[in-house]
Amino acid sequence: MRETVTPTHCPYCALQCGMNLTPAPDGRAVEVSERADFPVNRGALCGKGRTAPAVLSSSVRLTSPLVRSEGGALAPASWEEALERVAEGLGRTRAEHGADAVGVFGGGGLTNEKAYSLGKFARVVLGTSQIDYNGRFCMSSAAAAGGRAFGLDRGLPFPLEDIPRTGCVILVGSNPAETMPPSLRYFTELRENGGTLIVVDPRRTRTAEQADLHLAPRPGTDLALALGLLHLIVAEGRTDEAYIRERTSGWEEARAAAMAHWPEYVERITGVPVPRLREAVRLFCAPEAAMVLTARGPEQQSKGTDTVGAWINLCLATGRAGRPLSGYGCLTGQGNGQGGREHGQKADQLPGYRKLTDPAARAHVAGVWGVDPDALPGPGRSAYELLDALGTDIRALLLMGSNPVVSAPRAAHVEERIRSLDFLAVCDVVLSETAALADVVLPVTQWAEETGTTTNLEGRVLLRRRAITPPRGVRSDLEVMHELAARLGGEGSPEKGFPTDPEEVFEELRRASAGGPADYSGITYRRLAEESGVFWPCPAPGDPTGGVHPGTPRLFLDRFATEDGRARFAPVSHRAAAEEPDAEYPVLLTTGRVVAQYQSGAQTRRVDELNAAAPGPFVELHPRLAERLGAAEGDPVAVVSRRGRAVAPARITAAIRPDTVFMPFHWAGEGRANTLTNPALDPTSRMPEFKVCAVRVEAVRPVRAARSVPAVVRPAVSPA
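Residue numbers for the sequence shown follow full-length UniProt numbering, beginning at 1 and rising by one.
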C-alpha cells in the first residue's frame, strides 16, 4: 500500500513553514519530513516544527471535556453536559448583566476560519462588544504605525525572498535565529550576496552575532535611536528629496522633530556611541535598496506605535518604501497573528480588515451575516483592558487558544481577575495554566487533525490540510461554536450561520472580506491546494471573463493605500518608558523567547526533546551585576518589580548590557517573567510594555520550583 503523504504547515510561528506528514510506523500519529517545494522555508524546520507531532499524542493532550464539580475539581464529562454548562453560564450572565458582561478572548494560532467564526459568534450570538485576542500583544503597534504611514498594514509588504536581494537590512528588536530559525538563511544569504545586516538589540543574540553592525541601545530607547539616525541622514544630505516631494506628506514636521535629536543627545539616551550611529547611517544609505524590519523589541512598548513610525520615517526619508527590494516590514510572531486580526477577533475590526466604526463596513458584513447593521455592537476593550475587567464589568469569559495566565503582562493580577469570574469556559488542546482555572474545558482538534487556512507574515494565505483523524472525544472549534449557537441564539436556528465545514466557512469569509483592505474574495481552497499560497489583497474578478487575480506579493509599488496615494511621515519625539529605573528598582528588565520553547509554552513544554534543550526559566545578567550580587552561574536570583517577584537561576554573560537583565516568558510558577512586566499601554495600539520595566535583582537561597500546572483532577492528561 502506498504511503499517504499530506503537505501542510507547521502549527507554530508566522513563517508557517511547509512540511509533509506521513503515517508513523511506530504507533505515533504522524512523522514530519521536509517539504522542499514550499518557498518560505525550502525544507528547513526548527526543533519545534520537527517535534510538533508529539503534542498530538493522547498522553499529553485533552481527549474529554472537563467540568468543575461542586467540590471544586475538574472531572471528565460528556460533550452534552459540557456544552449545556457553557451555554448556561454564558446565557445566564448575558440575561442577568447584559451582553457586554460576557467576554471573548481568542488566539493568534486560530485558523482564519476559526477567527472569523469567533468574531461573528461574539457579535451575532452573544451580542457582546467585548472581544479581543492575544495578537494584540504581538504586532498591534506595527499595525497601527503601518496603517498610519501607508494606509494599510500587512506584516511584510514584500515576500521574504526579497531580503537577500536588497543592499542593507536594519533588524530592530528581532532575534530570528531563535524565534524563527528557518528565516535566518535569508539574512545569511543577504550577506553572502554582498549586503549588510545591522541588528538593534540590547543583547548580543545569536542573530546579532551574524550582523555586520550591532547596536545595543538601552531598553526603551529605540525611538530616540531612530530619531538620531534620521537626524544624521538629514545633516549628511542623504535624503531623497524627489521621492519625499512626489510620494510623501508631513516631511517638514517629521524633519523638525528629528533635528531636535542630535547625535550626542541620542548617545546619552541610548548608550550607543555616535561613531556607531554614523556607521549605521553609512551602511543603510550606501546601497540603492534597503529595508527596515521591526519585531517585538520596539513594538512592545508604551510608545511602540511612535517608535515603529520613527523607523518607517527612515525608509521614507531615503526613498526606501514602495520601491523594489526596499521597504518597511514587521516580523509577525504568532502562527496566524496576521489573519487572526484581519477577520474579526480584534476589538475594533470586522472581516476584511474593515473598521467596526465604518457604517459602510458594518452594512457590508451585516449583509453577509443576515443581520441588521445596527444590531452589531461597537468596538470593545483591547486585550489587557478586557482581562483587567474580568470579574467586574465582565462576569463570564469564553477563551479559545490562549494562555493569559502565563502570557499576559502583570500576570499575577490577570490570574486573580480570571479566578474572580463567575464563569470561565476554555477551548484548548492541552490543559494550560489558564484552562486549569476554568469551569468547563472543551478539548479541540489540532493542526494535523483539521483543515483550514492561515496567513503568514508575508500576507501569504496558506492551506493547512487534515492528515489524521482526531481522537474520540475531541471536536473542532467550529463544531463548538455551531453547538453553542444552537443553544444560545434563540429563534431562527442560528447554528446554520455557523457551519462546521471549514471550506464553507472560508467561502463566507471570502464574501465578507470582498472589497475590504484584506480582500480574500479571489482566493479559494482549490487555488491554495494548487499553489504555494496566495498573497492578499486578491479580489475576485469583476466579471466572469476577468480572469484570476494573481494576488499581491508586493504592495505600494505604484501608490500607497492612503486617500491621496502618499505615505505619511510621523512627527514623533522621544519620550521615556512608562517606568524608568530609580533607587529602589535600579535595573531594566526585558523579556523574550528561546529557540526550544514557544509563546506561553503550553504545548512545547509537553515535548521531552524541547524540555531537554530548554528545561526552565533563567535570568540573564552581566558579570558586573552578578559580581555585585555575589551570584554565580546557576545560583537562584530574584527579580522584583512593582508588580511581583520571580525567581530563576542566573545565567551570566557579557552578551547583555550591565544595566539590563533578560528573562524568557515561556514558564509559569515562580519563574514566570510576566509576573513582573508592566501593563502600561500604547495610547494608539493598546500594546502593553512587555519589553521594559524597572526591577531590582537579589541573590536568594535555593528554593523548590513551583509546579507549572495547578493540580486538578484530569483524564489522560500529563502536566508540562
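Think of the CB as a built atom: it goes at the ideal place given N, C-alpha and C, for glycine as much as any other residue. These numbers were taken from a predicted model, which means no experiment stands behind them.
Assumed close pair residue i, residue j - CB separation to whole angstroms, cut-off 8 angstroms
i, j, result
"Gly108", "Asn336", "6 angstroms"
"Ala435", "Val426", "4 angstroms"
"Thr93", "Val102", "5 angstroms"
"Val607", "Glu178", "In fact, because the Cβ distance is near 17 angstroms, the residues do not count as touching under 8 angstroms."
"Asp682", "Lys303", "6 angstroms"
"residue 726", "Arg511", "Residue 726 falls outside the range modelled here, since the chain spans only 1 to 720, and no answer is possible."
"Ala216", "Val266", "The Cβ separation is near 14 angstroms, so there is no contact."
"Asp388", "Arg417", "6 angstroms"
"Val548", "Leu62", "Not really, about 41 angstroms apart at Cβ, beyond 8 angstroms."
"Pro351", "Tyr116", "6 angstroms"
"Ala626", "Ile652", "5 angstroms"
Residue i in three-state terms, based on DSSP
i, result
"Glu116", "The displayed chain sequence assigns Tyr, not Glu, to residue 116. If DSSP states are grouped into helix, strand and coil, Tyr116 belongs with the helices."
"Leu398", "strand"
"Ser718", "For Ser718, the predicted model reports a pLDDT of 29, less than 50, meaning its position is unreliable and no value from the coordinates is stated."
"Asn336", "coil"
"Glu531", "coil"
"Arg526", "helix"
"Arg148", "helix"
"Thr93", "helix"
"Arg464", "strand"
"Glu34", "strand"
"Glu670", "helix"
"Phe690", "coil"
"Val199", "strand"
"Arg204", "coil"
"Arg354", "strand"
"Asp374", "helix"
"Ala440", "Looking at the sequence itself, residue 440 is Val, so the reference to Ala does not match. If DSSP states are grouped into helix, strand and coil, Val440 belongs with the strands."
"Thr675", "helix"
"Leu83", "helix"
"Leu210", "It is Gln, not Leu, that sits at residue 210 in the sequence shown. DSSP places Gln210 in helix when its eight states are reduced to three."
First through last residue of the beta strand (DSSP E) which encompasses residue i
i, result
"Tyr265", "Counting along the chain, Tyr265 falls outside any beta strand (DSSP E), though it belongs to the alpha helix (DSSP H) covering 263 to 270."
"Phe423", "423 to 428"
"Val695", "693 to 699"
"Met259", "Looking at the DSSP string, Met259 is not in any beta strand (DSSP E); the run it does join, the alpha helix (DSSP H), is 251 to 259."
"Leu232", "Looking at the DSSP string, Leu232 is not in any beta strand (DSSP E); the run it does join, the alpha helix (DSSP H), is 222 to 235."
"Val102", "102 to 106"
"Tyr243", "Element bounds for Tyr243: not the beta strand (DSSP E) but the alpha helix (DSSP H), 241 to 247."
"Val661", "660 to 664"
"Val67", "66 to 68"
Contact set for residue i: own chain, Cβ-Cβ below 7 angstroms, skip 5 residues either direction
i, result
"Ile269", "Thr221, Ala224, His574"
"Ala347", "Ile131, Asp132, Pro379, Gly380, Arg381, Ser382"
"Asp582", "Ala694"
"Val700", "Pro636, Val637, Ala638, Val647"
"Gly644", "Ala412, Thr675, Leu676"
"Pro409", "Tyr384, Asn674, Thr677, Asn678, Pro679, Pro688, Phe690"
"Arg559", "Gly565"
"residue 730", "This structure cannot speak to residue 730, because the chain is shown only from 1 to 720."
"Asp162", "Leu325"
"Ser718", "Annotation note: pLDDT 29 at Ser718 (below 50); position unreliable, no value reported."
Where the alpha helix (DSSP H) containing residue i begins and where it ends
i, result
"Met481", "477 to 488"
"Ala412", "411 to 419"
"Asp388", "383 to 388"
"Arg511", "502 to 513"
"His364", "359 to 369"
"Pro404", "404 to 407"
Residues near residue i in its chain [Cβ-Cβ closer than 6 angstroms; skip 5 each side]
i, result
"Gly155", "Cys330, Thr332, Gln338, Leu457"
"Arg165", "Leu325"
"Pro537", "Asp519, Thr552"
"Gly146", "Asp153"
"Glu698", "Ala638"
"Tyr525", "Glu503"
"Ala613", "Ala596"
"Thr4", "none"
"Val414", "Leu387, Pro404, Ala408"
"Cys315", "Val292, Ala321, Tyr328"
"Thr684", "Ala144, Thr305"
"Glu579", "Asn678, Cys693, Ala694"
Any non-hydrogen atom of the ligand ADP within 6 angstroms of residue i CB
i, result
"Leu390", "Among the ligands in the structure shown, none appear at all, so the ligand ADP cannot be discussed."
Sequence-distant residues of its chain with Cβ nearer than 8 angstroms to residue i (five each side left out)
i, result
"Gln446", "Pro11, Val55, Leu56, Arg61, Val429, Pro470"
Query raised in the report: Could you give the uninterrupted runs of the alpha helix (DSSP H) lying entirely in the stretch 286 to 328, keeping only those of 4 residues or more?
Result: 296 to 299, 304 to 317
Query raised in the report: Hey, which unbroken runs of the alpha helix (DSSP H) at 4 residues or more fall wholly within the stretch 576 to 655?
Result: 608 to 613, 623 to 629
Query raised in the report: Can you give, in chain order, each stretch of the alpha helix (DSSP H) that sits fully within the stretch 157 to 193 and has at least 4 residues?
Result: 176 to 179, 184 to 192
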